[in-house]
Structures are given as C-alpha cells and as structure tokens.
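Participant: In my numbering, the protein residues as written are 548 to 929. The beta carbon of each residue, even a glycine, is placed where N, CA and C say it ideally should be. Keep in mind that this is a model prediction, so the values were computed, not measured.
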Ligand SMILES: *[C@@H]1O[C@H](CO)[C@@H](O)[C@H](O)[C@H]1NC(C)=O
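(1) What three-state label does DSSP hand residue 618 in the structure shown?
(2) So, does the region 672–686 touch the region 815–825, judging by three or more C-beta pairs under 8 Å?
(3) Looking at the structure shown, is residue 807 part of a helix, part of a strand, or coil, going by DSSP?
(4) For residue 868 versus residue 929, is the C-beta spacing smaller than 9 Å?
(5) Just list the alpha helix (DSSP H) runs in the region 770–858, keeping only unbroken ones of 4 residues or longer that don't cross its boundaries, in chain order.
(6) Can you name the residues that DSSP bridges to residue 583?
(7) With DSSP collapsed to three states, give me the class of residue 609.
(8) Out of curiosity, what's the CA-to-CA distance linking residue 916 and residue 861?
(9) In whole angstroms, give me the CA-to-CA distance for residue 727 and residue 856.
(10) Tell me whether the beta-carbon of residue 818 lies closer than 9 Å to the beta-carbon of residue 739.
(11) Can you have a look at residue 667 and say buried or exposed, based on whether 16 or more other CB atoms are within 10 angstroms of its CB?
(12) Would you call residue 623 buried or exposed, if buried means 16 or more other Cβ atoms sit within 10 Å of its Cβ?
(13) For a test of the three-state rule: what should DSSP assign to residue 744, helix, strand or coil?
(14) Between residue 584 and chain C, is any beta-carbon pair separated by less than 9 Å?
(15) Taking the C-alpha atoms as reference points, what is the distance between residue 572 and residue 610?
(16) Is the region 899–906 touching the region 625–642 in the sense that three or more CB pairs, one from each, lie closer than 8 Å?
(17) Check each residue's C-beta against every heavy atom of ligand 1 and list, in chain order, those closer than 6 Å.
(18) Do residue 569 and residue 621 have their beta-carbon atoms positioned less than 9 Å apart in this structure?
(19) Could you please give the first and the last residue of the uninterrupted beta strand (DSSP E) stretch that includes residue 628?
(20) Below 9 Å between beta carbons: does that hold for residue 619 and residue 635?
(21) Need the endpoints of the alpha helix (DSSP H) that residue 900 sits in, please.
(22) Here's the rule I'm using: 16 or more other beta-carbon atoms within 10 Å means buried, otherwise exposed. How should residue 692 be labelled?
(23) Only counting the same chain, and skipping five residues up and downstream in sequence, which positions put a Cβ closer than 7 Å to that of residue 925?
(24) Based on the DSSP secondary-structure assignment, which residues constitute the bridge partners of residue 591?
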C-alpha cells in the first residue's frame, strides 16, 4: 500500500508529461505555417478508418489529390516524427535528378552484423552505396539487355509449355504465381546463371524463398514499427528482417555459384561476374574494399527479389486490365501480329522494341498499379 500511492502519482505524472510532449510535437507544422494533415494519435497518418486498415496507396492518393497544385509539400507525421510529403512533381524531379546527391538515402532498416543480407544496395547509404551502385550499373546496359533476350525467350517457351499444361487440367489459373515463377527463372539465369526451375517445379527452393519473403514477413506490424522508429536500438537488440531460412538459402546458393565459377574459371559477363570481380579485388581503388561473400549474397538477394516481384506484379495487373477491357486486348493482339509479320514471324528484341501500343499498356499499368507506392528519402545534411 505504501508503494502503491507513489506509483499512481508517478504514472499520472508520466501520462501528463507524455500528453503535453506529444501535443507540442504535433504542432510542428502548424508553427511553421506549412499546410499539414491533422495528426492522428498514435500513427500520425490515418492508417485506420471505421476500424478498417487502409492501404498506404489510398492514404497517399488522398493527400495527393487534396493538396496538389496548392503547395510543394504537405506536413505529415509518422508516429511522432514530422515528415514532409512531396506533392509537387517539379520538386520530386529536383530531388531525384538535380539535387539527387542530397537525396540518395532511403532510411531502410538494415542490420549488417546480425542479418548481413539486409545490408544491400536498397538499404545501404552514403559513399558505400554510391560506389557499389556505380559498379553494378553496367548490369543493365541496353547491349546486355539485348544479350539476355535469348535467355528470356527460352524461359518464355518454358512458360508457354507450363501454362498450356495447367490449362488442360483446369481453366482457372493463379496467374500471379505462375508469372512469379516465370520471372524467378529469368532473373536466376540472367543475373546468376542458375537454373531455378520454378516453372517445372512450383515448389522449387527459389520459389519457396520468394513466397516466404513476400507473403510472411519476419516481423509483424509491431516489430516493423519498432525497427522503423528506433533503428539504432533495434540493431543493438539484434533485430533481423530476413527469415533465417532465406538467409541461409541465399548464402548457400551464392557460395556454391562463386566456388563453381572460381574453380572452373567461368566468366559470364553477368551480375554475378561483376560481384565476383569486386570480391577478388580486380579494382584496387575501391572505397568498399573487397566484397565479402556475405556482401555478394546481400546484393544477390536484393536483385532476386527486385527482379521477380515487381515485374510479375506488373504483368498480373496488366493481364487483369486486358481481361476487363477486351477492345484494348484486341488492339494489342493486332499490333503484335502485325509486327511479327513484319519481322518474319520471329519474336526478336527488335520486334519487341517495335510495339508502341504494348508499351503504352505497360506504362498505363505502372501508372495505375505502381509496384512501389511511395519513394522515401532521407536528406543528407552537410
Ligand atoms: C513508357 O514509359 C517510358 C519510361 O517513362 C518512356 O520512355 C516511353 O516512351 C513510354 N512509352 C510510350 C509509348 O509512351
């Protein structure tokens, strides 16, 4: 009893102090005369409405249509942190082009010590990001794309066969999954020279890893919020973002591939090749030093994820829209047939570059269903 009374007083005091601290914090934008979104305790933005969780695309879309043309940016809060939300396209352009050198960091959580694969090109920051980024850019020259085209076509043949087989059994197919298998096989052969075989075997290890990453994130909502709000503390506590199975799978695949190539002196002029060169220090003046096997695995994991997920998502939505709009589908079919006729019935790189209507369809799909809804940037203070 003697202890209870002071405890109650302390609790009440804490609540009152916290209340005023938050109230003060939430005046951040108002005090600066910036148009702002009324903060909602505790998330800052209205992540819930009438008890239902809202997708971030709806929140962002609502803010954009309400404020565009009236202000370059809107003040918002992520929990108690003030964040400017940019609604002016010219300002976006400035941040991503002219002033990009101040805006390359994304503030993505990573923990190199306990979760080495989380420290990849997407989450890396500052000079080490710049150096690695510059070195990996040659993966995507148009010459290389052209070179990869034959591999893509080969996998497309496999896709055709698999899909036909599925349609013989059932006229309903889960298109997202088979497209993810298609793009997994492509990224596997093009970037790593590995046959993932997920079209032949839907439960191949690569596809299992892909599903685990996308469908069952390691940390739930509370865990994710914790590491976003307190990244330094989360690193100290050893918080990881990847599943242990996913990490060990990628470490194993990368180790085996690197060993095989080194032992047999295989040069393939692909993404893995660039990484192996950086590991063996062909480039002496590197800021990064030589890459370790973990660092190679981290980039491979990211390329795998970025390679299969965004492209299969876009194709899924594209097919959905084509199914809903048969006239557009018909027009696309006519363009493809007409172009193929012009190119002797052969589906080549040149033929594909000659399909502007199809290009419009893909662009419009990306506009309506962007696989990445918002870009987050952390400004570099000098
Ligand atoms: C589709 O978008 C790309 C990238 O913005 C652009 O280069 C291309 O011209 C667009 N295609 C058409 C047909 O508008």
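Facilitator: Here's the rundown:
(1) On the chain shown, position 71 is the one that residue 618 refers to. Note: residue 618 maps to coil in three-state DSSP.
(2) yes
(3) The residue given as residue 807 occupies position 260 in the chain shown. If DSSP states are grouped into helix, strand and coil, residue 807 belongs with the helices.
(4) Position 321 of the chain shown holds residue 868. Position 382 of the chain shown holds residue 929. Contact flag unset, no.
(5) 778–783, 791–811 and 818–826
(6) Within the chain shown, residue 583 is the residue found at index 36, counting from 1. According to DSSP, residue 583 bridges with 622.
(7) The residue labelled residue 609 in the question sits at position 62 within the chain shown. In this structure, residue 609 counts as helix in the three-state DSSP scheme.
(8) The residue given as residue 916 occupies position 369 in the chain shown. The residue given as residue 861 occupies position 314 in the chain shown. Computed Cα separation, rounded: 7 Å.
(9) Against the chain shown, residue 727 aligns to sequence position 180. Against the chain shown, residue 856 aligns to sequence position 309. About 7 Å.
(10) As a first step, residue 818 must be located in the chain shown, where it is residue number 271. As a first step, residue 739 must be located in the chain shown, where it is residue number 192. Yes, they are a contact pair.
(11) As a first step, residue 667 must be located in the chain shown, where it is residue number 120. Buried: at least 16 other Cβ atoms inside 10 Å.
(12) For this step, residue 623 is matched to residue 76 along the chain shown. Under this definition residue 623 is a buried residue.
(13) As a position in the chain shown, residue 744 is number 197, starting the count at 1. Three-state result, residue 744: coil.
(14) The chain inventory of the structure shown lacks chain C, comprising one protein chain alone.
(15) One-based indexing of the chain shown puts residue 572 at position 25. One-based indexing of the chain shown puts residue 610 at position 63. Between residue 572 and residue 610, the C-alpha separation is close to 21 Å.
(16) no
(17) 903, 906, 907 and 910
(18) As a position in the chain shown, residue 621 is number 74, starting the count at 1. As a position in the chain shown, residue 569 is number 22, starting the count at 1. Going by C-beta atoms, residue 621 is not nearer than 9 Å to residue 569.
(19) Translated into positions along the chain shown, residue 628 becomes position 81. Unbroken beta strand (DSSP E) run through residue 628: 628–633.
(20) Locating residue 619 in the chain shown gives position 72, counting from the first residue. Locating residue 635 in the chain shown gives position 88, counting from the first residue. Going by C-beta atoms, residue 619 is nearer than 9 Å to residue 635.
(21) Counting from 1 along the chain shown, the entry for residue 900 is found at position 353. Premise fails: residue 900 is in no alpha helix (DSSP H) and is neither H nor E.
(22) Stepping through the chain shown from its first residue, residue 692 is reached at position 145. Exposed.
(23) Here the question's residue 925 lines up with position 378 in the chain shown. Excluding sequence neighbours, residue 925 sits near 652, 653 and 654.
(24) The count along the chain shown starts at 1 and reaches residue 591 at position 44. DSSP, once it has assigned bridges, lists 587 as partnering residue 591.
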